[in-house]
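Numbering (my numbering), first residue to last: -11 to 127.
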């Protein structure tokens, strides 16, 4: 099972652009090349606690999107907020350990990948309660 995420740009994340928003069609060639380079680097990453990337759409005539591993339980945020019954402490500890192992992997890549947005929404949980780091920027 996979998830497809479409890149939506706003004026806050489209560097150098102002206005109400920027579509992927208005993405500069430099930004598109940066997206392609980052996507290629993400393909090379392999760790059980980092979300796996399977493909990407980089066709200039189409919106940019990434095909990635699907985590059935959703974000850690939603799991912690909505869990019924409450998660046992051994499982919480294991999930915290897996999150740190995923971040440790990123920090030991060459070049180093700094996540820059560590929060429970950027950790996904699969069917077996394994944590997958996602939402990292490679630049």
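All C-beta atoms, glycine included, are put in the ideal place defined by N, C-alpha and C.
Comparing C-alpha positions only, which one of the options sits nearest to residue i?
i	options	result
residue 104	29, 44, 121, 115	121
residue 21	35, 32, 45, 33	45
residue 23	54, 75, 99, 66	54
residue 31	115, 97, 59	97
residue 110	99, 67, 78	67
By how many angstroms is the C-alpha of residue j removed from the C-alpha of residue i?
i	j	result
residue 19	residue 47	14 Å
residue 83	residue 16	39 Å
residue 36	residue 65	20 Å
residue 27	residue 106	20 Å
residue 115	residue 49	36 Å
residue 136	residue -8	What is shown of the chain runs -11 to 127, which leaves residue 136 out entirely.
residue 101	residue 92	10 Å
residue 95	residue 43	23 Å
residue 135	residue 117	What the structure shows of the chain is the stretch from -11 to 127, and residue 135 is not part of that stretch, so it cannot be assessed.
residue 78	residue 88	16 Å
residue 34	residue 99	15 Å
Between residue i and residue j, which are expected to be in contact by the criterion C-beta below 8 Å, what is the C-beta distance as a whole number of angstroms?
i	j	result
residue 38	residue 123	With 8 Å as the limit, residue 38 and residue 123 do not qualify as a contact, their Cβ atoms being about 11 Å apart.
How about residue i and residue j: are their beta carbons less than 8 Å apart?
i	j	result
residue 113	residue 80	no
residue 86	residue 119	yes
residue 108	residue 71	no
residue 56	residue -10	yes
residue 73	residue -6	no
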